[in-house]
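1 is the number of the first residue of the sequence shown in UniProt numbering; add one for each residue after it. Think of the CB as a built atom: it goes at the ideal place given N, C-alpha and C, for glycine as much as any other residue. Quick caveat, the model's predicted, so the values are computed rather than measured. Below is one structure, written out as structure tokens, with a few remarks after it.
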Amino acid sequence: MKQTSIKKIVLAYSGGLDTSVILKWLQETYQAEVIAFCADLGQGEDLQAIKAKAKKLGVKKVYVEDLRETFVKDYVFPMLRGNAMYEGCYLLGTSIARPLIARRQAEIALQEGAEAVSHGATGKGNDQVRFELTYMALAPGLKIIAPWREWTLRSRRECIEYADRHGIPVTATKAKPYSMDLNLFHVSYEGGILEDPWKSPPEEIFQMTVSPEKAPNKPLEVEIEYERGNPVAVDGKKMSPAKLLAHLNKLGGAHGVGRVDLVENRYVGMKSRGVYETPGGTILHVAHRGLESLTMDREVLHFRDSLIPRYADLIYNGYWFSPEREMMQVAIDEAQKDVSGTARVKLYKGSCTLAGRKSKNSLYRLDIATFEEDDVYNQKDAEGFIRLNALRLKIRAQRRKAKS
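Pasting the structure below:
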């Protein structure tokens, strides 16, 4: 038992293996009051059952809050406006959830007069960084308790054994010890049976998508309407951000869209294998890029694209509340002011492809681009354009020839 000045701790609690064990461990180790905070980000679980479980474990106060709309509107959509994709594959579904959970957790801690916050992230993972950077950016006076960096438990197997000894009900088993994170934007799987990068993920783990082989034989076309870079309607029906994303998840999931199997570079220095499902997010990413191609100025689009790797890194590494991310977001959103219109995508057996796009803000000019006869483009102008752009190449070639 630790003798500390910590009397009250707010725990980011999911009801899963790690945080259930942590809840009991905090009580035993710190002899402090533990307040559990569970954020509803669309994980589809029985949150009232999770609340009841926390109370059975001795927690007197449990916060369960529905944050789905703010999650999509204020976190997912800004990220999608920037086309963030980590290492060319990962749409950052876990990464973007952590800043919101940690922010609200810190607010509750300050409201409750707690001295500390705690999370269930391991000392090997990215989430510890994401949680703690947010705590420090928004509530620097709070103490941080990271049990995985303190206790003697060394694996999820030992956590399962600890849970068994203390009568803590958990769904993880020694036979299937992989970790799963689910929210309205995606679901991720890692660890356990997925730690061999050569082995294919077993089909039974997937929850949001059907196998592409079992998807319908007939493609589905979907129209998504955008305003200033944000999706606002599907097939002509206006929806709130969370409802729109949930709807696209169902459409994409039914057609096997959005599966990714990635060996990624964690911020803490190691490589890890993650398997992801992001059906609605994949649809929105493809549709958004299609509409941008029609409405964004060439140099603005190219410059914005040059920011994407850095922007995605910031989100992956946990710097959502950093000044550099906020600065980049202003630039990204400025570039989105004309990205309004409709994109049409086709879903078919795991693929999502752009099928059409239209906008009142289109920069596409048929009278200029046509290969037929026109009166607005003088093809002879291209000769001088090419000569001037080739001048430096000619001079370099002439110098090389003179030296030979």
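Contact test: I168 Cβ vs the ligand HEM heavy atom, cutoff 7 Å
Within the structure as shown, the ligand HEM is missing, as the structure has no ligands at all.
Look at P219 and L354 and say whether their C-beta atoms are less than 8 Å apart.
no
DSSP three-state assignment for I224, whether helix, strand or coil:
strand
Rounded C-beta distance between R304 and A335? I'm assuming under 8 Å.
5 Å
Which residues does DSSP pair with C352 in a beta bridge?
L347
Alpha carbon to alpha carbon, how far is A146 from R298?
47 Å
Might you give, ordered along the chain, the residues of its own chain that have their beta carbon closer than 7 Å to the beta carbon of A114, omitting 5 neighbours on each side?
K8, I9, V10, I35
Identify whether V117 lies in helix, strand or coil by the three-state DSSP scheme.
strand
Looking at the strands, I want to know which residues DSSP matches up with Y90.
Y86
Neighbourhood of H119 by C-beta, 6 Å cutoff - its chain only, sequence neighbours within 5 removed
A12, F131
Buried or exposed for Y364, going by 16 or more other Cβ atoms inside 10 Å?
exposed
Can the beta-carbon of V187 be found closer than 8 Å to that of A254?
no
Suppose the cutoff is 8 Å on Cβ atoms and the five residues either side in sequence are ignored; what does the same chain contact list for P99 look like?
Y75, R130, T134, G318, W320, F321
Since G42 and A246 are thought to touch, with beta carbons under 8 Å apart, how far apart are those beta carbons, to the nearest angstrom?
7 Å
Spatial distance of M79 from K401 (CA atoms):
51 Å
Which complete beta strand (DSSP E) runs does the segment 134-222 hold, if anything under 3 residues is left out?
143-145, 179-182, 187-190
How many Å lie between P201 and L294 at the Cα?
38 Å
Tell me which residues share the same chain as Q27 and place their Cβ nearer than 7 Å to its Cβ, disregarding the 5 neighbours each side in the sequence.
V34, G58
Would you grab the beta carbon distance between A137 and L110 for me? Rounded to a whole angstrom, and I think it's under 8 Å.
A137 to L110, Cβ: 14 Å. No contact.
DSSP beta-bridge partners of Y364
Paired residue(s): none; Y364 is not in a bridge.
At which residues does the beta strand (DSSP E) containing Y276 begin and terminate?
271-277
Would A84 be called buried (16 or more neighbouring beta carbons within 10 Å of its own) or exposed?
buried
Could you spell out the range, first to last residue, of the alpha helix (DSSP H) harbouring D381?
381-403
Helix, strand or coil for I9 per DSSP?
strand
8 Å Cβ cutoff met for W25 and W148
no
For the structure I just gave you, are there three or more beta carbon pairs, one from the segment 260-274 and one from the segment 213-230, closer than 8 Å?
no
Classify F385: buried if its beta carbon has 16 or more other beta carbons within 10 angstroms, exposed otherwise.
exposed
R357 (DSSP reduced to helix, strand or coil)
strand
Where L307 falls: helix, strand or coil (DSSP):
helix
C38 vs V21 beta-carbon contact at 8 Å
no
Whole angstroms is fine: what's the gap from R157's alpha carbon to E190's?
15 Å
Is F368 buried or exposed, if buried means 16 or more other CB atoms sit within 10 Å of its CB?
Correcting the residue type first, residue 368 is Ile in the shown sequence and not Phe. The residue is exposed, with fewer than 16 neighbouring Cβ atoms inside 10 Å.
Which residue from W198, S179, G16 puts its Cα closest to that of G192?
S179
Please determine, among F71, I144, I224, the residue with the shortest C-alpha to C-alpha distance to L291.
I224
Short of 6 Å in beta carbon distance, which residues of its chain neighbour R273, apart from the five on each side in sequence? Order them along the chain.
L194, P197, V263
E277, buried or exposed, once every other Cβ within 10 Å from all chains shown has been counted against 16:
buried
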